[in-house]
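*Asks:*
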Amino acid sequence: MSTAGETGWIGRSLARREDARLLAGRGEYLADLRVPDCLHLCFVRSAHAHARIGAVRLEAALAMPGVAGAITGAELSREVQGQRIPVLIPAFPARYRQYWPLAVDEVYWHGEPLAAVLAEDKYVAEDAAAAVEVDYEPLPAVTDAEAALCAGSPRVYDDWDDNEIFATGYTGGFEAEGIARNDAEVDALFAGADVVLSQRFRTQRCGVCPIETRGALALWSDADGLTLHLTTQRPHIERLALADLLELSTSEVRVIAPRDQGGGFGVKAPFYREHVVVCHLARKLRRPVRWIETREEHLMTVSQERDQIHDLEIAADSEGRILALRNRGIGDVGDGRQGVYWGFVMPSLGSVMLPNAYAIRHADIKLRCAVTNKTCLSPSRSFGALPTRFALERGLDMLARRLGLETAELKRRNLITDFPYTTVTGVHHDSGDYVKAWDTLLERVDLPGFRALQAEARTQGHYLGIGFACGAEFSGIPSDVLVPLENQPGYGVVTMRIDPRGKVAIHEGDAPQGQSHETTMAQVAADAFGIHPDDVSVRHGDTGTTPLSSGTIGARGASYTVAAIAEAAAALKAKMARYMIHDHGLEDADPADFAFQGGAVVYEKDGNVRRDFGALADRIVMGSINLPPGESPGLEHTAYFEAPKPMICFTAQAAKVEVDVETGQFVILDYATCEDVGTVINPIVVEGQVQGGVVQGMSNAMFEEFLYDENGQQMTADFETYRLASAADVPTVTVSHAPTPCPDHPMGVRAVGEGRPGPVPGALANAICDALAPFGVEITALPLKPETILALIEAGRAGEGA
Amino acid sequence: MKKEITVTVNGEAITHTVPLRLLLVDFIRDECGLTGTHVGCTYEGRCGACTVQVDGRALKSCMKLAVQADGKEVTTVEGLAREDRLHNLQKAFSRYHALQCGYCTGGILMNAVDFLNENINPSEDEVRRALVGNLCRCTGYSHIVEAILAASAMRHGLKPVPPPAETEPAP
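So the sequences go chain by chain: A and B.
For what it's worth, my numbering labels the leading residue of the first sequence as 526, then goes sequentially.
For what it's worth, my numbering labels the leading residue of the second sequence as 974, then goes sequentially.
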C-alpha cells in the first residue's frame, strides 16, 4: 500500500481535471448531444390527481405538421412489459404494484404520463402534446398519509383493501415473540425513566432537485440494438431493466451516462418509466428519439422525498442519558410505483438511521408507509434520514431544556464511544472518535464565549441562538445491505489498464454527476504507481466498456470504488514487480521490495536496479516473450472490493442564528462542521462536498416544500413556487476535520457524499429555538417559515402573560 | 412566421432565418451549436444557467426571443476565454473549486464578469446579492463567492485570500 509520504498525491487539493472543459462551456451533458434525424418526445401528463381515463384522442396532434407519431398508454401496454420485474424489486415484504410506462385506464397523480407525442422539434412536440384531448372521470384524491392509513379512508387503488404499502418494525428481531419482549423492555424503561419526552415531528415533502433535469436519447440499430444516452447514476442497472422490459437480449442494450451530468443527488438513481417510452419508440420508428425533461415535469414528477411524520418518545435519566427510544413513523410515499425504491425504501432506511451516532441500547421503532395520490418519492441525498435526524436532534434539545442541561453536553454524553458498535436497528459503526469531532466543533464555535454574547445581546433585544446536530452516515453500502435493500451488488469495482506507454486507464461502471471522480481517482492511482495524475485517465458510465457496478449512490465513490482502485493498483504493481524479479534475475527478491516512485520501479535493496514505469509496462504489454514462469502478458486487472460491514463517516454540525422576534425572520450567522472522513484524498473537493450538502439541508429546512391542494393538484412546479436557497440566503460554511482512518478501507478513506444535508434542519431549528428560549419556542415541523416562527413567539408571549 | 436575423456571436456574425417564437437560448444552443449555455428552469428566468452577455450586459437568454437579438452582440461562455487563455474568473473558479457538476457555471461566469465590470471592489455581501439570479445545487455557493472575490482582488493586483485548502494548478 502506498502512503502519502512515499509518493504524495493523496491529501493534496489539486485543481480538477474536469474544470477545463466545464469552465470553457465544453461540457458533455445529455442535452448537448446532437444526432441527425432525431425526433423530440413530449409527454402528455394527467391533469388530475386521481381519475379514470376515458378516450385519449391523438388525431389533432397527429395532424399537425412536423408530428411524427404519438402513442397512448393502452397501446404501449400491449408492446412492452409491465415494470414490476425482478431486477427492480428489493427483498422487502411490500406491495409491488404492476404498472406500465404510460398510464392505462386510470391515473394516480397529477402529472402522471399517459401519452407521448413525437415531432421534428421540441416546439412542435409541445404544441402537439397540448393538442391531445383526454377524457377524465375524476375520483376522490387521497392526499394525507395519516388519514390514508385510517380505516374507511378512500383508497388510491380500489383493488387493495387499504392504503398501506409497507409496514415494519426495526427493533427486537423478526419473530413476534422477540419483538414483544423487546417492546416490553422498552415500556419498562419508559416507566422507570426520570424524564420522558413525547413529541410529533413533521418533515415536509421536499428534495434535492439538480439544476440539470432528466433526459434520454435513444438510438436503434437493427445490427446492434439499442444505445441509450441517459441521465442516470446507475447505467448498468438501467441496462438490465431495459432489456427485460423491452424483451431484448442484454447484448443488444448499451446504456451510456454522459461524461458530464448536472447534479443527481439520488434523483437520477431510480428506474424511471419515461426511459422505456423513449427507447421503445426509437426501436419502433427506427429513428433516434430524445426527451429532455422540463423543469415543470421534473418538479411534478421527481425530486420529492422527506415527507415523514415521527411520533418520537425519548426516555432519559436526570443527567440526560438516553435510556430508550420509542418511535412511530409514517411515510407518505405517493403512488408507490417506481423501481427500485417503490417510495418506501427511503423512509424505511430513515427509521434504520434514527438512532444516529448515539449509544441507544433500547428502542421500539416502527414505521407505516401509505400510498397517496401524489408522485412517488424518489431518493434525495441523506436518503430517508433527514426527517429522523430532524426528529431526534430536535427531541434531544427539548429534552436538554427540560432537564436544564446544555444541549451540546447532553448530546456529547450520549455519543457512541465503544467501537465497533452496532445500533439497536443493526447499523454497524466500524470505528471513529465521535467525541473528538464533537469537541473540535465545540472549540471552533466557542460555546462559552457564545453564551456570554447571547446573554448580553438579549439585554439589548437581540436574540441569538446556537444549535447542534450530528450524523453518522454510510460511507458506501456493502452487498450485505445493498442486495436486500435494492437487489443490487454493493461491491466496488474497476477495470484498470496500463498501456505500453505507462498510461493508466481506469474504467468504472458508476456515473458521477459532479463528484470529481476524474480528479480524485486519478490522484489515487497516481499515488499508488508513483506517476503523475496526468498519466491516469478515468472513464465512467458506459455499460459497453465498464464493469457492472451499482452506480454512483450512497457515497460509494471514495469508499468502494477508490478501494477497488487501490486493490487493482496493488495487483498490477505486484505483477510488474514479478517481471522485474524475473528480468533482473533477483531470485531472492519479493514483490514488496519494489518501490513505485518518480515514474520508475526501483528495487529498494539495490537502487541501481530500476526501470522506467513506461518501459516496464511496454515490456509486459508489447514484449510478450520470455515471460516469467506461469505469468500472463498484459497489464489489466479488474478488482472487486467488498467491505465486510458497512463503513461509517461522521459529521458534527453547529449553527448560529439571530432571530428577529418582531417578524420571525432569522439570519444564519455562522455554520460550522467537523468531519471524520478518514484519509482525505483531495481536501478542497471534500470541503465542496460538505458545503454543498449543508446548503442543500439549509434550503430544504428553510424554503423548499412541494404543496398539493385538497384535490391533489400540485401547486409548486416551478422555481418561483418551489424555492431553492440562493447565495444571499446562506453563509459561508466552514469545515474542520477530526479524522480517524477507516480500518476496513485499504487507504483509510471514509466517503463524504451522501449524508451531509441530514443534520442541518435539526441544527438550524435548534439554534432558532435556543435564540427564542425566553419565549419557550419549540419548533416541531419544517420548513422554518417566518410566519410559523412568529406564531410560536406570539404563543410564547401569550403564555407568559397568562 | 420566420424572420432573417444577424447576430454577432462571440465575434462572428451569424445570419439565420428563425421562427419568431424561437428563444434566444435555443438559437444559441441549437442554431449556433454553442451548448455551454444551459437550461435549468422552465424558461422562467430563475435558475440563471442560460445567462449570456448581450452588448456587454448579462442577460438570461431564456427570457428573450432570438429575433430580439437581431443586430446585437452576444457573448457566451465559450467566448470568455481569449485565444484559449482562460479569463481570470475561470482560473479562480478552478483554483477555488467553485464548480462541481458545472451545469450552472457558465451562467454564473457570464453574470459575474458583468458584475465585476460594474463593481470595482465588491464585498462578500455584494457578491452574494449579485448571485441571487443564479442557482447552484452542488457547491453551497461558498467557493463561488470566494472565487469571485479572488478574481476581483487579482484584477487590482492584490493578493487574494488563498483558497481554504490551498489548491495546486491543474495537473
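C-beta: ideal position from N, C-alpha, C; glycine also.
Return no unless some Cβ of chain A is closer than 7 Å to the Cβ of B/Gln1026.
*Replies:* Mapped onto the second sequence, residue 1026 of chain B falls at position 53. It does not; no Cβ of chain A falls within 7 Å.
*Asks:* Buried or exposed for A/Glu1235, going by 16 or more other Cβ atoms inside 10 Å?
*Replies:* Reading the first sequence from its first residue, position 710 is the one you call residue 1235 of chain A. Label assigned to A/Glu1235: exposed.
*Asks:* Using a Cβ-Cβ distance under 7 Å, would B/His989 count as near chain A?
*Replies:* Your numbering for residue 989 of chain B matches position 16 in the second sequence. Chain A, which has no Cβ nearer than 7 Å to the Cβ of B/His989, makes this no.
*Asks:* Quick one, are the C-beta atoms of A/Met598 and A/Ala628 less than 7 Å apart?
*Replies:* Position 73 of the first sequence, counting from 1, holds the residue named residue 598 of chain A. Position 103 of the first sequence, counting from 1, holds the residue named residue 628 of chain A. Residue 598 of chain A is actually Gly in this sequence, not Met. Their beta carbons are under 7 Å apart, which means A/Gly598 touches A/Ala628 by this criterion.
*Asks:* Quick check on DSSP: helix, strand or coil for A/Tyr1233?
*Replies:* Residue mapping note: residue 1233 of chain A aligns to position 708 of the first sequence, counting from 1. It is a strand residue.
*Asks:* Is the stretch 756-773 of chain A touching the stretch 804-817 of chain A, taking contact as three or more C-beta pairs under 8 Å?
*Replies:* Flag = yes, the stretch 756-773 of chain A and the stretch 804-817 of chain A touch.
*Asks:* Please work out which residues of its chain come closer than 6 Å, Cβ to Cβ, to A/Gly784, disregarding the five sequence neighbours upstream and downstream, and give them in chain order.
*Replies:* The count along the first sequence starts at 1 and reaches residue 784 of chain A at position 259. Note that residue 784 of chain A is Arg in the sequence shown here, rather than Gly. So the qualifying residues of the chain are Glu553.
*Asks:* Considering only the alpha carbon of each residue, which of A/Leu1097, A/His1032, A/Thr947 lies closest to A/Thr1070?
*Replies:* Taking the first residue of the first sequence as position 1, residue 1070 of chain A is located at position 545. Cα-wise, what sits closest to A/Thr1070 is A/His1032.
*Asks:* State the start and end residues of the unbroken alpha helix (DSSP H) segment that holds A/Asn852.
*Replies:* Position 327 of the first sequence, counted from the first residue, corresponds to residue 852 of chain A. Here A/Asn852 belongs to no alpha helix (DSSP H); instead the beta strand (DSSP E) covers 847-857.
*Asks:* Within the chosen definition, does the stretch 722-734 of chain A reach the stretch 1299-1312 of chain A through at least 3 CB pairs nearer than 8 Å?
*Replies:* Yes, they touch.
*Asks:* Is A/Val1029 helix, strand or coil by DSSP?
*Replies:* Residue 1029 of chain A sits at position 504 when you count from the first residue of the first sequence. It is a strand residue.
*Asks:* Between A/Val970 and the rest of its own chain, which residues show a CB-CB distance below 6 Å, the 5 nearest in sequence each way excluded?
*Replies:* Counted from its first residue, the first sequence places residue 970 of chain A at position 445. Closer than 6 Å at Cβ, skipping near neighbours: Ala1179, Ala1197.
*Asks:* Applying a beta-carbon distance threshold of less than 7 Å, which residues of chain B neighbour A/Glu821?
*Replies:* In the first sequence, counting from the first residue as 1, residue 821 of chain A sits at position 296. Per Cβ cutoff of 7 Å: Thr1015.
*Asks:* Counting Cβ pairs, one atom from each stretch, are 3 or more of them under 8 Å apart for the stretch 1094-1108 of chain A and the stretch 1292-1303 of chain A?
*Replies:* Result no; under three Cβ-Cβ pairs closer than 8 Å.
*Asks:* How would you label A/Gly929, buried or exposed, when you count the other beta carbons within 10 angstroms and need 16 or more for buried?
*Replies:* Residue 929 of chain A sits at position 404 when you count from the first residue of the first sequence. Per the 10 Å Cβ criterion, exposed.
*Asks:* I'd like to check one pair, A/Thr1265 with A/Asp1201: are the Cβ atoms closer than 7 Å?
*Replies:* For the purposes of this step, residue 1201 of chain A is identified with residue 676 of the first sequence, where counting begins at 1. For the purposes of this step, residue 1265 of chain A is identified with residue 740 of the first sequence, where counting begins at 1. Yes. Within cutoff.
*Asks:* Are A/Ser1224 and A/Ala1252 touching if we call contact CB-CB under 7 Å?
*Replies:* As a first step, residue 1224 of chain A must be located in the first sequence, where it is residue number 699. As a first step, residue 1252 of chain A must be located in the first sequence, where it is residue number 727. It is not a contact, given that the beta carbons lie outside the stated cut-off.
*Asks:* Using a threshold of 7 Å, state whether the C-beta atoms of A/Asp857 and A/Asp832 are closer than that.
*Replies:* Looking up residue 857 of chain A in the first sequence gives position 332. Looking up residue 832 of chain A in the first sequence gives position 307. Yes, they are a contact pair.
*Asks:* How big is the Cα-Cα spacing for A/Gly530 and A/Leu1007?
*Replies:* Along the first sequence, read from residue 1 onward, the residue named residue 530 of chain A stands at position 5. Along the first sequence, read from residue 1 onward, the residue named residue 1007 of chain A stands at position 482. Only weak support exists for where A/Gly530 lies, its pLDDT of 39 falling under 50; the value from the coordinates is given anyway. Near 35 Å, if we compare the C-alpha coordinates of A/Leu1007 and A/Gly530.
*Asks:* Using three-state DSSP, classify A/His987 as helix, strand or coil.
*Replies:* Within the first sequence, numbered from 1, the residue matching residue 987 of chain A stands at position 462. Here A/His987 sits in coil by DSSP.
*Asks:* What's the gap between the Cα of A/Ala1292 and the Cα of B/Val980?
*Replies:* Within the first sequence, residue 1292 of chain A is the residue found at index 767, counting from 1. Within the second sequence, residue 980 of chain B is the residue found at index 7, counting from 1. Going from the Cα of A/Ala1292 to the Cα of B/Val980 covers about 53 Å.
*Asks:* Under the assumption that A/Ala882 contacts A/Pro1003 (Cβ atoms under 8 Å), give the Cβ distance between them as a whole number of angstroms.
*Replies:* Counting from one through the first sequence, the residue named residue 882 of chain A turns up at place 357. Counting from one through the first sequence, the residue named residue 1003 of chain A turns up at place 478. A/Ala882 to A/Pro1003, Cβ: 19 Å. No contact.
*Asks:* Step through the CB atoms of chain A and report whether any lies within less than 7 Å of the CB of B/Cys1115.
*Replies:* Within the second sequence, the letter at position 142 stands for residue 1115 of chain B. According to the sequence shown, residue 1115 of chain B is Ser rather than Cys. Chain A, which has a Cβ nearer than 7 Å to the Cβ of B/Ser1115, makes this yes.
*Asks:* Nearest chain B C-beta to A/Gly1235 closer than 7 Å, yes or no?
*Replies:* Stepping through the first sequence from its first residue, residue 1235 of chain A is reached at position 710. One detail in the question is off: residue 1235 of chain A reads as Glu in this sequence, not Gly. Chain B contact via Cβ: absent.
*Asks:* How many Å lie between B/Arg1128 and B/Leu1089 at the Cα?
*Replies:* Taking the second sequence and counting its residues from 1, the one referred to as residue 1128 of chain B is at position 155. Taking the second sequence and counting its residues from 1, the one referred to as residue 1089 of chain B is at position 116. C-alpha separation (whole angstroms): 10 Å.
*Asks:* Does any residue of chain B have a CB that is nearer than 7 Å to the CB of A/Asp544?
*Replies:* The sequence position of residue 544 of chain A within the first sequence is 19, counting from 1. Answer yes: the Cβ-Cβ gap between A/Asp544 and chain B drops below 7 Å somewhere.
*Asks:* Show which residues of chain A have a CB atom less than 7 Å away from the CB atom of B/Leu1038.
*Replies:* Sequence index remark: in the second sequence, residue 1038 of chain B carries index 65 (1-based). Under the 7 Å cutoff, chain A gives no residues; its nearest Cβ is about 12 Å from B/Leu1038.
*Asks:* Residues in the stretch 936-969 of chain A with C-beta within 8 Å of chain B's C-beta atoms, listed in sequence order?
*Replies:* The stretch 936-969 of chain A vs chain B, Cβ under 8 Å: nothing.
*Asks:* In whole angstroms, give me the CA-to-CA distance for A/Asn939 and A/Asp1254.
*Replies:* By 1-based counting over the first sequence, the position of residue 939 of chain A is 414. By 1-based counting over the first sequence, the position of residue 1254 of chain A is 729. Rounded to the nearest angstrom, the two C-alpha atoms are 33 Å apart.
*Asks:* Curious, which full-length beta strand (DSSP E) runs of at least 3 residues does the stretch 1259-1305 of chain A contain?
*Replies:* Entirely contained in the stretch 1259-1305 of chain A, not one beta strand (DSSP E) run reaches 3 residues.
*Asks:* Buried or exposed, going by whether 16 or more other CB atoms sit within 10 Å of the CB of A/Thr696?
*Replies:* Residue 696 of chain A sits at position 171 when you count from the first residue of the first sequence. Answer is buried; the Cβ neighbour count reaches 16.
*Asks:* Under 8 Å Cβ to Cβ from B/Leu1122, same chain only, skipping five residues before and after it: list those, please.
*Replies:* Your numbering for residue 1122 of chain B matches position 149 in the second sequence. These residues qualify, in order along the chain: Pro1095, Glu1097, Val1100, Pro1133, Val1134.
*Asks:* Chain A partners of B/Leu1089, CB-CB under 7 Å?
*Replies:* Residue mapping note: residue 1089 of chain B aligns to position 116 of the second sequence, counting from 1. Ordered by position in chain A, no residue passes the 7 Å Cβ test against B/Leu1089, which lies about 15 Å from the chain.
*Asks:* Which complete beta strand (DSSP E) runs does the stretch 1077-1138 of chain A hold, if anything under 3 residues is left out?
*Replies:* Within the stretch 1077-1138 of chain A, the complete beta strand (DSSP E) runs of at least 3 residues are 1119-1122, 1125-1128, 1135-1137.
*Asks:* How would you list, in chain order, the residues of chain A whose beta-carbon sits under 9 Å from the beta-carbon of B/Leu1007?
*Replies:* For this step, residue 1007 of chain B is matched to residue 34 along the second sequence. Neighbours of B/Leu1007 on chain A, chain order: Gly550.
*Asks:* So, is the C-beta of A/Val1182 closer than 7 Å to a C-beta in chain B?
*Replies:* Here residue 1182 of chain A is taken as the residue at index 657 of the first sequence, counted from 1. Closer than 7 Å: no.
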